[in-house]
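Novice: Which chain is which? The protein sequence lines are C and H, in order. Just so you know, we're using this note's numbering here: the first sequence kicks off at 1 and counts up by one. Just so you know, we're using this note's numbering here: the second sequence kicks off at 313 and counts up by one.
There are 2 protein chains.
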Amino acid sequence: MREMVVHEVGMRDGLQMEERVVPTEQKTAWIEAVLRTGVDIVQVGSFVHPGRVPQMADTDRLFHHFTSPGGNPDGVLLSGLVLNEKGLERGLACGVDMFCMGVSASETHSLKNTRMSVADATRRIIAMARDAEKAGKRVQVSVQSAFGCGYEGPVPQERVLAIVKSFLDAGLRNLSLADTAGHATPERVEDLYRDVFALDQDIECACHFHNTYGLALANCYAALRVGVASFEGSIAGLGGCPFTAVAGGNTCTEDLVHALQRGGHRADIDLPALIDLARDVARFFGREMPGAVYRAGAIPERGLMPPGAREE
Amino acid sequence: MREMVVHEVGMRDGLQMEERVVPTEQKTAWIEAVLRTGVDIVQVGSFVHPGRVPQMADTDRLFHHFTSPGGNPDGVLLSGLVLNEKGLERGLACGVDMFCMGVSASETHSLKNTRMSVADATRRIIAMARDAEKAGKRVQVSVQSAFGCGYEGPVPQERVLAIVKSFLDAGLRNLSLADTAGHATPERVEDLYRDVFALDQDIECACHFHNTYGLALANCYAALRVGVASFEGSIAGLGGCPFTAVAGGNTCTEDLVHALQRGGHRADIDLPALIDLARDVARFFGREMPGAVYRAGAIPERGLMPPGAREE
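1. Three or more beta-carbon pairs under 8 angstroms between the region 271-282 of chain C and the region 33-48 of chain C, yes or no?
2. Taking only beta carbons into account, state which residues of the region 29-43 of chain C come closer than 8 angstroms to chain H, listed in chain order.
3. Does the region 564-572 of chain H come into contact with the region 540-551 of chain H, if we say contact requires no fewer than three beta-carbon pairs (one atom in each stretch) closer than 8 angstroms?
4. With 9 angstroms as the limit, tell me which residues of the region 203-228 of chain C have their beta carbon closer than that to any beta carbon of chain H; keep them in chain order.
5. Please check if any C-beta of chain H sits within less than 7 angstroms of the C-beta of C/His-7.
6. Please report the distance separating the alpha-carbon of H/Val-451 from that of C/Phe-284.
7. For H/Arg-450, list the residues DSSP reports as bridge partners.
8. With respect to the beta strand (DSSP E) encompassing H/His-319, which residues constitute its N-terminal and C-terminal limits?
9. Under a three-way DSSP split, which group does H/Ser-422 fall into?
10. Sort H/Gly-551, H/Pro-584, H/Arg-578 by Cα distance to H/Met-329 and report the nearest one.
11. Which one or two residues does DSSP pair with H/Leu-583 in a beta bridge?
12. Interface residues of chain H around C/Thr-185 at Cβ under 8 angstroms?
13. Residues of chain H with CB under 9 angstroms from C/Ala-236, in chain order?
14. Confirm, please, whether the CB-CB distance from C/Phe-99 to C/Val-82 is below 7 angstroms.
15. Straight-line CA distance for H/Asn-562 to H/His-522?
16. Please tell me whether C/Ser-145 and C/Thr-180 are closer than 7 angstroms, where the distance is taken between their beta carbons.
17. At 3 residues or longer, what runs of the beta strand (DSSP E) sit wholly inside the region 534-573 of chain H?
18. Are the beta-carbon atoms of C/Leu-314 and C/Asp-58 separated by less than 7 angstroms?
19. Could you check what DSSP says for H/Phe-521 in three-state terms: helix, strand or coil?
20. Would you be able to state if there are at least three C-beta pairs under 8 angstroms between the region 457-475 of chain H and the region 502-515 of chain H?
21. Per DSSP, which one or two residues make a beta bridge with C/Ile-41?
22. Where does C/Val-293 fall in DSSP's three states?
23. Please list the partners that H/Ala-604 has in chain C, where partner means a Cβ-to-Cβ separation under 7 angstroms.
24. At the level of alpha carbons, what is the spacing between C/Ser-110 and H/Val-321?
25. Give me the DSSP bridge partner(s) of C/Val-281.
26. Does the beta carbon of H/Val-582 sit closer than 7 angstroms to a beta carbon anywhere in chain C?
27. According to the neighbour-count rule (16 or more other Cβ atoms, all chains shown, within 10 Å of its Cβ), is C/Pro-23 buried or exposed?
28. Hey, H/His-495 and C/Ile-299 are a contact pair by Cβ (cut 8 angstroms); roughly how many whole angstroms apart?
29. Using a cut-off of 9 angstroms between C-beta atoms, extract the partners of H/Ala-567 located in chain C.
30. Which value, in whole angstroms, describes the spacing of the CA atoms of H/Gly-460 and H/Ala-482?
31. Have a look at H/Lys-446 and H/Gly-549 and give me their C-alpha separation to the nearest angstrom.
32. Is H/Tyr-525 near C/Val-293, with beta carbons less than 7 angstroms apart?
33. Roughly how many angstroms lie between the CA atoms of H/His-319 and H/Asp-325, to the nearest whole one?
34. Which two residues bound the contiguous alpha helix (DSSP H) that contains H/Ala-345?
35. Along the chain, where does the alpha helix (DSSP H) containing H/Ala-510 start, and where does it finish?
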């Protein structure tokens, strides 16, 4: 059985929509806690212009901290998101282990985000990925809006596969499909990953879902069924925007880990520590977070019948 | 393709844990709204002793209302839960279309609930089911705690299958497996339903999940994959207990219908009406409900990109 990989992206995708800027000391404490839980990859931040996303202004500083001696005692892989060449330069200067970068499968989304067509953005990301690899770094290239786009609606599967093929042709074999708008459904997930693995069954292809419509874990299960073994999530289900109805948080990491463990995977990850961390995050923001397991607690060996359960 | 059946149980399983008793007029309005949405079966209440569950004290009155001329213009199937012979008698007197009754697969749960062993409770339920059928009624027999028990923990699959076999041997072919404690996982769901359908592939076997650990929709998807075509849910995800951490709500009906519709099923159900109803339920209780879709709204044709989505 292939081992499942868990990539915590809460400190990046999870926080970037939060209005309240998390102090660097608080982020540091949270990242330290995540590093101790046994997850495989932790995304520390994104190298976006600080004026554009103030929440990410301390990304370089955080990387310097965690790549300094003793900063990451278990050697957990530290990932950073880069959007452009400038970001890549910053990331190379502060010790990023794994660079994450992506292309949107939606022309409208691509133009709004990068002012480039999908084709141009793909060429640019491939060039950046090669530069990062030349510098000895791991690279994960993603297709954003892979399951639908907030601007365009449905995204044809062939468009996603065309980008994946470009990545594979360029020798990039660590991929991720991101459900940026939260439109994925389990049926669609099985279809798309089946087609991706039909291109090359030996690639690593992660999944990145948002729980906007309650389907993140269903989508993870569908992905797992067809061979996906790498999952991106945010602690407590961070990533929703509390001020608008439309944005749902990422797949909730501790809910995902709980599900993986109940399915016989990754008993080594410290689920109680993830639950404690989610509770701390909920306390910090002063609101109930989307995660389920941090509220329910892990399933007790015995006892704690839900009140009223006697009725059915 | 087999058509999917949706059974709304929010007015029973969803409400019975709520401290605030919903006035009969309010329940009537909600049930009227559900009846207009196009779901197939609506559970009106349970025939439990009113002193035990005050929330269910008006069950007979509600049935009288909805079975009176003009009360149920589209002839939606009205179900009621019965726990004992007295309840069956009450249900027969007030026009229940479909009787739901069940046996727990957990000895401890069975003893606590019914003061009977699983074997005795099975015999009793089969006798009650036959009486209901003799009276010309539909009957759905369920196995409670089919995926785990809050008292005993894991419940061996063979115990569930033994009860199912007893039901089938008694000629009862409309079944439901209920995840009373919310312990089901998609892997377990696929396994158990496969074994159930191996006993008789032509039975109708519904699924009833709780979202305690965030897996209700993943479990529905797993069930659907192995042939389940009947789903029980509560509007807005009612059924959690706001005062304890352990109890999660039922599968959220509008989230389920949204997922079914995205998967190509049941375009006839009025999802916007379900969303309006969920919002009304949330307003009534004055708190955020577990459902996702009532907050996000249905996926717009175009537009409404989640803020921050540009970052990935």
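Beta carbons are placed, not taken as given, at the ideal position from N, Cα and C, and that holds for glycine. Note that the coordinates shown come from a computational prediction; the quantities given were computed from them, not determined experimentally.
Specialist: On the basis of the supplied data:
1. yes
2. none
3. yes
4. His-208, His-210, Asn-211, Thr-212, Tyr-213, Gly-214, Leu-215, Ala-216, Leu-217, Ala-218, Asn-219, Cys-220, Tyr-221, Ala-222, Leu-224, Arg-225
5. Position 7 of the first sequence, counted from the start, is the residue given in the question as residue 7 of chain C. Taking Cβ atoms only, chain H never reaches closer than 7 angstroms to C/His-7, which makes this a no.
6. Position 139 of the second sequence, counted from the first residue, corresponds to residue 451 of chain H. Position 284 of the first sequence, counted from the first residue, corresponds to residue 284 of chain C. Their backbone Cα atoms lie some 50 angstroms apart in a straight line.
7. On the second sequence, position 138 is the one that residue 450 of chain H refers to. DSSP output for H/Arg-450 lists H/Met-410 as bridge partner(s).
8. Residue mapping note: residue 319 of chain H aligns to position 7 of the second sequence, counting from 1. Its beta strand (DSSP E) spans residues 317-320.
9. As a position in the second sequence, residue 422 of chain H is number 110, starting the count at 1. In this structure, H/Ser-422 counts as helix in the three-state DSSP scheme.
10. The residue given as residue 329 of chain H occupies position 17 in the second sequence. Ranking H/Gly-551, H/Pro-584, H/Arg-578 by Cα distance to H/Met-329 puts H/Gly-551 first.
11. The residue given as residue 583 of chain H occupies position 271 in the second sequence. For H/Leu-583, which the question treats as bridged, DSSP gives no partner whatsoever.
12. On the first sequence, residue 185 of chain C is found 185 positions in, with the first residue counted as 1. Within 8 angstroms Cβ-Cβ: Ala-571, Arg-574, Gly-575.
13. Position 236 of the first sequence, counting from 1, holds the residue named residue 236 of chain C. Residues of chain H passing the Cβ test: none, with the nearest at roughly 12 angstroms.
14. Locating residue 82 of chain C in the first sequence gives position 82, where the first residue counts as 1. Locating residue 99 of chain C in the first sequence gives position 99, where the first residue counts as 1. Yes, the Cβ-Cβ distance between C/Val-82 and C/Phe-99 is below 7 angstroms.
15. Walking along the second sequence from the start, residue 562 of chain H turns up at place 250. Walking along the second sequence from the start, residue 522 of chain H turns up at place 210. So the alpha carbons of these two residues sit roughly 4 angstroms apart.
16. Taking the first residue of the first sequence as 1, we reach residue 145 of chain C at position 145. Taking the first residue of the first sequence as 1, we reach residue 180 of chain C at position 180. Contact flag set, yes.
17. 542-545
18. The requested residue 314 of chain C does not occur in the structure, where chain C is confined to residues 1 to 312.
19. Along the second sequence, read from residue 1 onward, the residue named residue 521 of chain H stands at position 209. In the structure shown, H/Phe-521 sits in coil (DSSP, three-state: anything other than H, G, I, E or B).
20. yes
21. Numbered from its first residue, the first sequence carries residue 41 of chain C at position 41. The partner list for C/Ile-41 (beta bridge, DSSP) reads C/His-7, C/Leu-77.
22. Sequence index remark: in the first sequence, residue 293 of chain C carries index 293 (1-based). Helix, per DSSP.
23. As a working mapping, residue 604 of chain H is identified with position 292 in the second sequence. Residues of chain C passing the Cβ test: Asn-211, Thr-212, Tyr-213, Gly-214, Gly-248.
24. Position 110 of the first sequence holds residue 110 of chain C. Position 9 of the second sequence holds residue 321 of chain H. Rounded to the nearest angstrom, the two C-alpha atoms are 44 angstroms apart.
25. Reading the first sequence from its first residue, position 281 is the one you call residue 281 of chain C. Looking at the DSSP assignment, C/Val-281 forms no beta bridge with any residue, so it has no partner.
26. As a first step, residue 582 of chain H must be located in the second sequence, where it is residue number 270. The amino acid at residue 582 of chain H is misidentified as Val; the sequence shows Asp. With 7 angstroms as the cut-off, H/Asp-582 does not count as an interface residue toward chain C.
27. As a first step, residue 23 of chain C must be located in the first sequence, where it is residue number 23. That one is exposed.
28. Position 183 of the second sequence, counted from the start, is the residue given in the question as residue 495 of chain H. Position 299 of the first sequence, counted from the start, is the residue given in the question as residue 299 of chain C. So it is a contact: roughly 6 angstroms between Cβ atoms.
29. Walking along the second sequence from the start, residue 567 of chain H turns up at place 255. First, the residue type needs correcting, since residue 567 of chain H is Asp and not Ala in the sequence shown. Ordered by position in chain C, the residues that pass the 9 angstroms Cβ test against H/Asp-567 are Tyr-213, Gly-214, Leu-215.
30. Position 148 of the second sequence, counted from the start, is the residue given in the question as residue 460 of chain H. Position 170 of the second sequence, counted from the start, is the residue given in the question as residue 482 of chain H. For H/Gly-460 and H/Ala-482, the distance between alpha carbons rounds to 25 angstroms.
31. For the purposes of this step, residue 446 of chain H is taken as the residue at position 134 of the second sequence. For the purposes of this step, residue 549 of chain H is taken as the residue at position 237 of the second sequence. Approximately 35 angstroms, taken between the alpha carbons.
32. By one-based count along the second sequence, residue 525 of chain H stands at place 213. By one-based count along the first sequence, residue 293 of chain C stands at place 293. Closer than 7 angstroms, so yes.
33. The count along the second sequence starts at 1 and reaches residue 319 of chain H at position 7. The count along the second sequence starts at 1 and reaches residue 325 of chain H at position 13. Cα to Cα, the separation comes out at about 12 angstroms.
34. If you number the second sequence from 1, residue 345 of chain H lands on position 33. Note, H/Ala-345: alpha helix (DSSP H), 336-347.
35. For the purposes of this step, residue 510 of chain H is taken as the residue at position 198 of the second sequence. First-last of the alpha helix (DSSP H) with H/Ala-510: 498-511.
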